[in-house]
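Q:
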Amino acid sequence: MRAFVSGWTGRRLGLANFTQAGDANAKELVELFDRAGTLAEFNSGTYAGVSLHALALWARYMPSDSVMGKNGARMLSRTWTSLAELYHAGLKNSAGPWDRTYGYDMNRYLSILGLHIWSLVGREASPIAEEPYAMSHSSDFAFAPLIAVMAVFHNSSVVPEGVIQRLKEFPGEHTVRTSAFSPPYDTYPRNISAWLSDSITIGAETFNETEVGGPSLSSDSFSPAVVQWDAGDANGVGWLKWYATEPSLIAKVSPGILNLTYPYGNHSSIFTFFVSTFVDRVDVTSWDDVQAGGLAVNVSGNANLTYEVSFNGQFGGAGETIKWVFFFRVAQ
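Here the working numbering is used: the first residue of the sequence shown is 171, the next is one more, and so on.
So, in structure tokens, the structure goes:
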């Protein structure tokens, strides 16, 4: 977005320094994208939506001989393909990992990616509620007019047909493997893997970073290991995320299995997981209660398997909500 604003303003007003700054920024972004066909901030329900809009602006308004004009449509199309591979139309959610998120279920928080999906396949097939203002993080609904203005160009020109079908209907069990790179925080590209089946998704990434909490420097929003599942009509989508307390993680995903290893862990390291609440299981005291929410959990490994469970809620509990989300915290 910054590259577009600088480049477009520079050309519009004849400001060479703006034009050069925008083009230089765009060149760096293109080179980083071309490494693996992924954006540095990967699979974010909010900021993937912002990036899609920015790339549409590149493709629509920048001169065809500029860096942005040459690459915008190509990058936009490839980004949609990547997002669609991780999208589960049955759960109406993107499988993890999420580099930065403001919620853990797209049916409950308003994501800008969800607004794009609405514009492509209609609201009922999208994660957006009938009353968007009732969703958490609803202020992002302000982005909707921008998506609507660009929809005629964006939806008809650059979104691959196969993407539309994936947004409407889950294609069946599959695995996704790719990578993303966010220098200077990443010491090497993050290796991403996800498994999606009819009623459950598991997604995670291996990383080694200079700070805890990813490039956003927030373990609340940085979600490098995530499980989502169909928890039944009463509960909707259940979710579980590993809460980052380490700057490095080795994650392996296979059907039904999430394997997490701390390469630099020691006696003081802990594993912390956030787990969604359940309408028909108000009190969660063990992994067995999560199983009652539709997910069978079997924990094993060389860590101390004893754990504590606490609740974080708006009107009580051991801690505060995160992005208006209530959850159970499992630490061991």
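We treat Cβ as the ideally placed atom computed from N, Cα and C, and that holds for glycine.
Taking all protein chains shown into account, decide if A364 is buried (16 or more other Cβ within 10 angstroms of its Cβ) or exposed.
A: Flag for A364 reads buried.
Q: For T216, count neighbouring C-beta atoms within 10 Å of its own C-beta (all shown protein chains included) and say buried if the count is 16 or more, exposed if not.
A: Counting Cβ neighbours within 10 Å, T216 comes out buried, since at least 16 surround it.
Q: Decide if the region 243–263 is in contact with the region 330–341; the criterion is three or more beta carbon pairs, one per stretch, under 8 Å apart.
A: Contact between the region 243–263 and the region 330–341 is present, because at least three Cβ pairs lie under 8 Å.
Q: Return helix, strand or coil for D400, following the three-state DSSP convention.
A: Note: D400 maps to strand in three-state DSSP.
Q: Cα-Cα, which of H324, W457 and F377 is closest to P348?
A: First, the amino acid is wrong: residue 348 is Thr here, not Pro. Among H324, W457 and F377, the Cα nearest to that of T348 is on F377.
Q: How about L209 and T271: are their beta carbons less than 8 Å apart?
A: Their beta carbons are not under 8 Å apart, which means L209 does not touch T271 by this criterion.
Q: Excluding the 5 residues preceding and the 5 following D276 in the sequence, name in chain order all residues of the same chain whose CB lies nearer than 8 Å to its CB.
A: Sequence inspection shows Met at residue 276; the Asp mentioned does not correspond to that position. Excluding positions up to five away in sequence, the list reads G215, K262, N263, S264, L283, G284 and P297.
Q: Assess contact between the region 233–246 and the region 186–203, defined as three or more Cβ pairs (one per stretch) separated by less than 8 Å. Is contact present?
A: Touching, per the Cβ criterion.
Q: Tell me, to the nearest whole angstrom, how far the beta carbon of G408 is from that of G463; I am working on the premise that it is less than 8 Å.
A: G408 to G463, Cβ: 5 Å. Contact.
Q: Starting from the Cα of W228, find the closest Cα among S221, Y434, L387 and G242 and give me that residue.
A: For W228, the nearest C-alpha among the options comes from G242.
Q: Could you tell me which residues DSSP pairs with L410 in its beta bridges?
A: DSSP lists V397 and V445 as partners of L410.
Q: I'd like the span of the alpha helix (DSSP H) that includes T189, first residue to last.
A: A186 to D204 is the span of the alpha helix (DSSP H), which, as asked, contains T189.
Q: Can you give me the start and stop residues for the beta strand (DSSP E) that T371 sits inside?
A: Element bounds for T371: I370 to N378.
Q: Looking at C-alpha atoms only, which residue of A173, D400, P394 and Y434 is the closest neighbour of M232?
A: Of the candidates A173, D400, P394 and Y434, the one whose C-alpha sits nearest the C-alpha of M232 is A173.
Q: By Cβ distance below 6 Å, which residues in the same chain neighbour V329 in space, the five residues on each side in sequence not counted?
A: Correct list, in chain order: W250.
Q: Just the Cα atoms here: how many angstroms apart are P359 and D204?
A: Going by the C-alpha atoms only, they are around 13 Å apart.
Q: Measuring CA to CA, which of L290, G406, V382 and A401 is closest to A466?
A: Comparing Cα positions, the closest option is A401.
Q: Using 8 Å as the threshold, is the C-beta distance between Y279 and M245 below it?
A: Result no, Cβ atoms of Y279 and M245 do not sit closer than 8 Å.
Q: May I ask you to list the residues that DSSP assigns as paired with K422?
A: N429.
Q: I'd like to know whether the C-beta atoms of A350 and A374 end up nearer to each other than 8 Å.
A: Their beta carbons are not under 8 Å apart, which means A350 does not touch A374 by this criterion.
Q: Are L428 and I372 touching if we call contact CB-CB under 8 Å?
A: Result yes, Cβ atoms of L428 and I372 sit closer than 8 Å.
Q: Rounded to the nearest angstrom, how far is the Cβ of A226 from that of F323, given a contact under 8 Å?
A: That belief holds up - the Cβ atoms of A226 and F323 are roughly 7 Å apart, short of 8 Å.
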